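Just below is one structure, and these are the notes that go with it.
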């Protein structure tokens, strides 16, 4: 899909990766809708886009379907149908054991990170299918491929985004609509500077080193643009995680052996592939 003249709706557009996406799509002549829980942040990022960019900033609560409907109506009144949806809004849980997590915090995290993605799809995907054109980018995380302790709720929500996206890609491909999943590592944003690594969670020197090595969001945005142009299923921007992920997959593959039931016939795939 060529970007010039396309309308791109980006949640979590008030900074970080969402702002990087907006910059990258604007570089290619896209028309930008920056949606954020804090409209002031979205407006500030809109003002940073290249001169002449056709841009709209608006508020959205991705957990609210009414908020989605209102944002969709506002966006379409300005630009017409949305061509590219970037479900990027997300929150983090901080480093803590799952058994110590407040259930309300777990529910909120899943509502934003996973159900919020579904809400965006439910809002825009049908129109894309009807028009036979469109692309959806869902932001997961490297924690959605390779989880680690003290981040269980966040990892669970981001694994959910991967499963949803892979299934959706199969469903929408026959209708001319692409789906890509973004798996970012450490990226400079308000969330990564505060929520993701809470005070006292690790040695201050190590924390400073991590923060100094965060990727700038514009580069993730440009990777997203390439993925949309080329209809790539996965967007991995931080190759330093590859070896850990390979070890995880090797462990999973090693668990495949003989069937648990003697005589079980293994010729057919349950997926129908």
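Numbering (the UniProt record's numbering), first residue to last: 1 to 273.
Each residue gets a CB set at the ideal place from its N, CA and C atoms; glycine is no exception.
Here the structure is a predicted model, which means the values were calculated and not measured.
| Item | Value |
| --- | --- |
| Candidates 17, 215, 79, of which the one nearest residue 8 by Cα | 79 |
| Residue 212 versus 256, 169, 189, residue with shortest Cα-Cα distance | 189 |
| Simplified DSSP state of residue 182, which is helix, strand or coil | strand |
| DSSP state of residue 145 mapped onto helix, strand, coil | coil |
| Environment of residue 91 [buried if 16+ CB atoms lie within 10 Å] | buried |
| Contact under 9 Å by Cβ, residue 224 with residue 157 | no |
| Nearest to residue 82 (by Cα), restricted to the options 233, 256, 3 | 3 |
| Proximity test, residue 140 beta-carbon vs the ligand ZN heavy atom, cut-off 8 Å | With respect to the ligand ZN, the structure shown offers nothing to examine, as it has no ligands at all. |
| Alpha-carbon to alpha-carbon, residue 245 and residue 256 | 18 Å |
| Rounded straight-line distance, which links the Cα of residue 146 to that of residue 84 | 27 Å |
| Distance, residue 144 Cα to residue 113 Cα | 11 Å |
| Same chain, Cβ closer than 6 Å to residue 142, neighbours up to 5 away in sequence not counted | 183, 185, 241 |
| The alpha helix (DSSP H) enclosing residue 103, as first and last residue numbers | 103-110 |
| Identity of the residue in 118, 21, 148, 33 nearest residue 72 by Cα | 33 |
| Sequence-distant residues of the same chain with beta carbon closer than 7 Å to residue 57, five excluded per side | 34, 39, 42, 43, 46 |
| Bridge partners - residue 59, DSSP secondary structure assignment | 36 |
| Three-state secondary structure assigned by DSSP to residue 154 | helix |
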